[in-house]
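Peer 1: I am attaching a structure below and will ask some questions about it afterwards.
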Amino acid sequence: MKPTITFEDFLKVDIKIGTIIEVNDFPKARKPAYQLKIDFGVLGVKKSSAQITDLYSKEDLHKKQVAAIINFKPRQIANFMSECLVLGIYNTDGDVVLLQASKGIKNGEQVS
Numbered sequence: 000m001k002p003t004i005t006f007e008d009f010l011k012v013d014i015k016i017g018t019i020i021e022v023n024d025f026p027k028a029r030k031p032a033y034q035l036k037i038d039f040g041v042l043g044v045k046k047s048s049a050q051i052t053d054l055y056s057k058e059d060l061h062k063k064q065v066a067a068i069i070n071f072k073p074r075q076i077a078n079f080m081s082e083c084l085v086l087g088i089y090n091t092d093g094d095v096v097l098l099q100a101s102k103g104i105k106n107g108e109q110v111s
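Have a look at this one:
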């Protein structure tokens with residue numbers, strides 16, 4: 000279990016809903032991954048590297064809404080700068096299942 004945090008700590012994490020608008024293969028990644036471009040509405044488009052190739056095809060991901068942390072410092076992954084972290088849960092097979100809203104949400108809306 001991870002350490003207990005305060006509500007103020009949680010408020011520092013900026014989780015928003017965005018729509019995947021572009022998906023590309025990422026052959027230089029150490030583990031199979033996609034390069035994603037995600038539209039966060041008025042916040043703009045951010046890039047992310049996501050190791051989700053086992054359960055999702057590029058076609059599955061296009062126009063899918065996802066939850067992502069958008070206030071991490073950008074991170075260099077091979078030759079790609081990842082600007083946000085798409086959220087998911089490992090299933091029993093060790094594959095990532097994406098977290099997403101059950102209904103359509105306006106891009107850029109805050110997860111709370």
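Reminder that position 108 of the sequence shown reads as 107 in numbering that gives the first Met the number 0, one-by-one numbering, no gaps. For each residue, glycine too, the CB sits at the ideal point set by N, CA and C. Nothing here was measured: the structure is a model prediction, and the numbers come from that model.
1) Please report the Cβ distance between residue 108 and residue 19, rounded to the nearest whole angstrom; I am assuming they are in contact, meaning their Cβ atoms lie under 8 Å.
2) Mind listing, in chain order, the continuous beta strand (DSSP E) runs of no fewer than 3 residues lying wholly within the segment 20-93?
3) Following the continuous alpha helix (DSSP H) through residue 10, name the residue where it begins and the one where it ends.
4) Give me the Cα-Cα distance between residue 68 and residue 37, rounded to the nearest whole angstrom.
5) Would you check if the segment 68-77 and the segment 50-58 touch, i.e. whether three or more CB-CB distances between them fall below 8 Å?
Peer 2: So, from the data block:
1) Contact flag wrong, Cβ pair sits at about 16 Å.
2) Restricted to the segment 20-93, the beta strand (DSSP E) segments that are unbroken, complete and at least 3 residues in length are 33-38, 44-49, 64-68, 74-76, 79-81, 87-89, listed in chain order.
3) Looking at the DSSP string, the run of the alpha helix (DSSP H) that includes residue 10 is 6-10.
4) Going by C-alpha positions, residue 68 is about 12 Å away from residue 37.
5) For the pair of segments examined, the segment 50-58 was found not to touch the segment 68-77: the number of CB pairs separated by less than 8 Å stays below three.
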